Amino acid sequence: MPVPVIIDCDPGHDDALALVLAAGDPAVDLLAITTVAGNQTVDKTTLNARRICTVAGITGVPVAAGCARPLVQPLLVADDVHGESGLDGPAFGEPTVHAVPQHAVDVMHRVLTEHPEPVTLVPTGPLTNVALLLTRHPDSAAHIREIVLMGGSTGRGNRTPAAEFNIHVDPEAAHTVFTSGLPVTMCGLNVTHQALVTPEVLARLERLDTRLSRICAELMTYFASTYRRLWGFAAPPLHDPVAVARVIDPEIVRCVDANVVVELHGQYTRGATVTDLHQYLDRPVNAQVAVELDTERFWDRVVAAVDALGGRAS
Ligand code: RIB
Ligand code: CA
């Protein structure tokens with residue numbers, strides 16, 4: 000049976016492929032797409048979600064805009080990575096998929112409480128919407144099967160030496176999620192840096208020769224240029240689809256139990272996901288932490304999803 004999923008995202012090049020993977024893989028029943036400020040402003044991430052839904056033929060899935068700024072600190076965007084639009088690279092036409100007028104948090108609450116079985120939340124951006132859902136609609140928790148997020152790291156960060164971008168943007172929201180008592184799986188940089196869009200992967204996408212695959216290849220080419228320029232990567236890590244892959248087939252993403260604490264006060268470490276892989280702190284396990292990716296099976300699912308949706312582009 001397909002797993003019912005809500006994706007909360009900040010498209011974003013890798014968020015775009017996460018949406019395609021979730022919509023194109025038969026193991027997922029994509030119930031809603033919610034957007035949050037992160038890689039770009041929420042207006043831009045929402046427009047980008049609409050663009051991806053249009054080119055991928057994702058219809059009948061509500062798209063709802065969420066929080067425009069983090070819970071406490073001012074918004075930090077990643078225009079250096081994703082560009083001024085948040086999805087630089089391809090030329091997109093006017094999207095035909097529209098957003099619903101309701102706030103993302105209220106759409107999440109409605110979908111969760113109306114669905115006949117618990118729903119998996121897959122956040123791939125800052126956790127502002129999810130934190131607000133849990134505080135504004137506490138009854139939602141009983142309808143959440145688990146939260147499988149892209150964010151954090153068992154090691155170093157990518158926006159400060161200690162903090163990964165999604166957590167760095169809204170550490171207070173991340174703290175709310177990791178202390179919620181809900182089943183949380185963290186897919187951090189330590190595992191997403193195993194999902195490298197190598198020339199071989201890019202060639203597999205290009206060989207599909209559909210409008211969607213061409214757009215995905217153009218997105219990856221732009222993404223590769225920024226990762227090369229900013230960090231000297233030979234190939235860019237495709238972070239967000241790793242969280243979706245964990246939902247699709249948990250064997251693709253190996254996890255271990257650990258305690259994860261979000262650092263809120265460190266002068267140089269605020270936003271770090273302090274992951275206790277060896278029980279040094281004698282704190283209770285509160286997360287499953289992804290540590291290893293089956294890259295062959297991962298890319299097989301990503302390419303298959305792009306292929307499955309390829310003929311539906313409009
Ligand atoms: O650090 C990588 C994460 O931050 C990804 O989700 C990327 O899309 C950005 O949101
Ligand atoms: Ca993202």
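In terms of numbering that gives the first Met the number 0, the sequence shown is residues 0 to 313. No residue lacks a Cβ here, since even glycine has one placed at the ideal position from N, Cα and C. All values reported here derive from a predicted model rather than from experimental measurement.
Exercise. Does at least one heavy atom of ligand 2 sit under 7 Å from the Cβ of residue 8?
Worked result: Checking every heavy atom of ligand 2 against the Cβ of residue 8, one is found closer than 7 Å.
Exercise. Per DSSP, which one or two residues make a beta bridge with residue 253?
Worked result: Beta-bridge pairing links residue 253 to 291.
For this session: Please report how far the alpha carbon of residue 205 lies from the alpha carbon of residue 264, in whole angstroms.
Result: Using only the alpha carbons, I get a separation of about 46 Å.
For this session: Return helix, strand or coil for residue 286, following the three-state DSSP convention.
Result: Strand at residue 286.
Exercise. If we ignore side chains and look at the alpha-carbon of each, how far apart do residue 296 and residue 26 end up?
Worked result: When the Cα atoms are used, residue 296 and residue 26 turn out to be separated by approximately 14 Å.
Exercise. Whole beta strand (DSSP E) runs in the region 41 to 77 with 3 or more residues, listed along the chain?
Worked result: Runs found: 62 to 64.
Exercise. Where does the unbroken beta strand (DSSP E) through residue 31 begin, and where does it stop?
Worked result: First-last of the beta strand (DSSP E) with residue 31: 27 to 34.
Exercise. Residues in its own chain within less than 6 Å of residue 260 by CB, not counting five upstream and five downstream?
Worked result: Within the same chain, residue 260 has close Cβ partners 273.
Exercise. Using DSSP with H/G/I as helix, E/B as strand and the rest coil, what is residue 157?
Worked result: In the structure shown, the three-state DSSP call for residue 157 is coil.
Exercise. CB of residue 87 to nearest heavy atom of ligand 2: below 7 Å?
Worked result: At a threshold of 7 Å, residue 87 does not count as near ligand 2, since its beta carbon sits no closer than that to any of the ligand's heavy atoms.
Exercise. At which residue ranges does the region 162 to 225 contain complete beta strand (DSSP E) runs of 3 or more residues, listed in the order of the chain?
Worked result: The qualifying runs are 183 to 186.
Exercise. With respect to the beta strand (DSSP E) encompassing residue 149, which residues constitute its N-terminal and C-terminal limits?
Worked result: In this chain, the beta strand (DSSP E) harbouring residue 149 covers 143 to 149.
For this session: Let me know the secondary structure DSSP gives residue 276 once reduced to three states.
Result: If DSSP states are grouped into helix, strand and coil, residue 276 belongs with coil.
Problem set entry | residue 38 in three-state terms, based on DSSP | Three-state result, residue 38: coil.
Exercise. Which class does residue 94 belong to by DSSP, given the choice of helix, strand or coil?
Worked result: Looking at residue 94 - three-state DSSP - the assignment turns out to be coil, as it is neither helix nor strand.
Problem set entry | Straight-line Cα distance separating residue 276 from residue 313 | Note that residue 313 has pLDDT 49, beneath the 50 cutoff, so the model's placement of it is unreliable and the number below is only indicative. Taking the straight line from one Cα to the other gives about 46 Å.
For this session: Reducing DSSP to helix, strand and coil, say where residue 111 ends up.
Result: In the three-state scheme derived from DSSP, where H, G and I count as helix and E and B as strand, residue 111 is classed as helix.
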